[in-house]
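Okay, structure first, notes after.
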Amino acid sequence: MTNNVNEFDSIDVVNSDRNHVWHHLTQHKAFEKSDPMVIVNGEGLRVWDAKGNEYLDAVSGAVWTVNVGYGRTEIADAVRDQLVKMNYFAQSAGNIPAAQFAKKLIEKMPGMSRVYYSNSGSEANEKAFKIVRQIAHKKYGGKKTKILYRERDYHGTTIGTLSATGQFERKNQYGPFVPDFVEVPHCCEYRAQEDADKENYGVWAANQIEKVILAEGPETVGAICLEPITAGGGVIEAPEGYWPRVQEICKQYDVLLHIDEVVCGLGRTGQWFGYQHYNIQPDLVTMAKGVASGYAAISCTVTTEAVFDAFKEDEDPRMGYFRDISTFGGCTAGPAAALVNMQIIEDEKLLDNVNAQGDYLQTQLNALKNKHAIIGDVRGKGLFAGFEMVKDRTTKEPVDESVVMAVAGHCMANGVIIGRTNRSFKEFNNTICLAPALIITREEIDLVIKAIDEALSAVTSSL
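Using my numbering, the first residue of the sequence shown is number 1, and each one after it goes up by one.
Structure (structure tokens):
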């Protein structure tokens, strides 16, 4: 595919965008001197902008979403066919694709049983928080309302989900926040706390959660919300021993375990869900992004039957059920797209590809580390990878955010789109992030690595 500029007036489109569209995560002052990027076509891992420039997208739509790649006509056709039959009815009633996808999804999630639909990851997490809070009132006299979250994790863009986000700069200027959200320490071994047990860091980091629970009072803590692998906070996988200990702590103190799979879910890490690498059983799982690979808006809050049963029978039938609604949770396009998306992952054996290409990607990133002293740590699992950039490997002092921006900018100028931590922390906006579509080939990984290699050489030569 190539960009067909005859389909539209590219100058008019770019000017309309500049004059009327408010972009996400973007400082618009730059558009006084340069044009905004407008993406017009996509196929496989490649996208084209309104000026005809071609890019290899190594972050699946910039925010880890397009898991099965661009141009999937089978998904688009399924959505179109469904919309003609029935496009929408409030989810207080069911619809065919919602029922079918829920069944298929639960088959991939042993121990889980119920699917609540909404339209974004932030909203899916909000629903989980509301479930926890209502259970606190129904079962615990309104006492177990506190929700723990982890430093460096991200759970969404609403005021509620920002209250549960451990990233200072993302939260800055948006307070005051919702009460009863309490932070626990991060589990990044490369940035281990000064007083940590370096020999058994995973268990030590998990034990810090127990300390917070005891300090707050176990009778006040209802849940803990964690990413299986921290995404925008720096692609951080917890060390060995962490997850089994977290599960023990949750059971000991009657704390619901909420796993946020918005980024890791639907094959990104080589399992259907990231938590499935660690032999744990969550009480709530939230997901969005790759659920339909961006072909339609959909998110899911998935629970165990035990959580669901807390709302099924109650002495007060007027107030005991889950009194929540998501308007666009009733759209049929989302589950229709999600069904075909999941079928593609199965039919094309994309989990196998994620594991094979993910191993190769890690090997190539570690080769870059051997070549470039500015790379301090390589991390990730499956096709979810990243590396920290440092001024000095001994001190681990992070490079300035501008250096990471320069590397990403150099790659972009040479036709490869990579990700980076973006205004999340005071000093740790120093991670390059990669999350290509699950269909990526070894040859395409080589192109990504070549672009990063050249960018690192160019940028470090000017430091």
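For glycine and all other residues, C-beta sits at the position ideal for the given N, C-alpha and C.
Distance, residue j Cα to residue i Cα
i, j, result
"Gln-208", "Glu-199", "15 angstroms"
"Leu-162", "Phe-177", "8 angstroms"
"Phe-101", "Val-291", "10 angstroms"
"Gly-202", "Gly-270", "22 angstroms"
"Ile-432", "Val-84", "42 angstroms"
"Ile-159", "Tyr-174", "7 angstroms"
"His-24", "Met-287", "21 angstroms"
"Ala-451", "Val-416", "7 angstroms"
"Ser-16", "Ala-50", "12 angstroms"
"Lys-289", "Pro-36", "24 angstroms"
"Gly-334", "Lys-391", "45 angstroms"
"Val-307", "Tyr-275", "18 angstroms"
"Met-1", "Ala-238", "Confidence in Met-1 is poor, its pLDDT being 49 and thus under 50, which makes the residue's placement unreliable; the coordinate value appears in the next sentence. In a straight line, the C-alpha of Met-1 is about 41 angstroms away from that of Ala-238."
"His-137", "Val-448", "51 angstroms"
"Phe-322", "Phe-311", "6 angstroms"
"Ile-325", "Met-86", "19 angstroms"
"Gln-91", "Met-109", "22 angstroms"
"Asn-95", "Tyr-117", "12 angstroms"
"Ala-164", "Gly-382", "26 angstroms"
"Ile-344", "Val-263", "18 angstroms"
"Asp-359", "Ala-437", "15 angstroms"
"Glu-227", "Leu-368", "27 angstroms"
Residue i - DSSP class collapsed to helix/strand/coil
i, result
"Met-1", "Any reading at Met-1 needs caution, since the residue's pLDDT is 49, under 50, leaving its predicted position unreliable; the model's value is listed next. The answer is coil: DSSP assigns Met-1 none of H, G, I, E or B."
"His-410", "helix"
"Glu-401", "helix"
"Glu-54", "strand"
"Cys-225", "strand"
"Ala-338", "helix"
"Ala-192", "coil"
"Ile-417", "strand"
"Ile-439", "coil"
"Thr-65", "coil"
"Val-21", "coil"
"Glu-388", "strand"
"Ile-75", "helix"
"Ala-458", "helix"
"Cys-331", "strand"
"Tyr-70", "strand"
"Tyr-275", "helix"
"Tyr-88", "strand"
"Asp-453", "helix"
In DSSP terms, what residue i is bridged to
i, result
"Ile-39", "Asp-49"
"Tyr-117", "Cys-300"
"Ala-286", "Here residue 286 turns out to be Thr, not Ala, going by the sequence shown. Answer by DSSP bridge pairing, in chain order: Asp-260, Thr-301."
"Met-319", "Met-319 pairs with nothing; no bridge assigned."
"Phe-181", "Ile-147"
"Ile-432", "Phe-387, Arg-420"
"Thr-230", "Ile-236"
"Ile-375", "Met-389"
"Lys-381", "Phe-384"
"Gly-44", "Tyr-70"
Counted within 10 angstroms of its Cβ, other Cβ atoms place residue i as buried (16 or more) or exposed
i, result
"Trp-64", "buried"
"Trp-22", "exposed"
"Glu-348", "exposed"
"Pro-317", "exposed"
"Ser-120", "buried"
"Tyr-295", "buried"
"Leu-214", "exposed"
"Ala-406", "buried"
"Asp-57", "buried"
"Glu-32", "exposed"
"Glu-388", "buried"
"Val-404", "buried"
Query - Within the stretch 123-174, ranges of the alpha helix (DSSP H) (whole runs, at least 4 residues) - result: 159-163, 168-171
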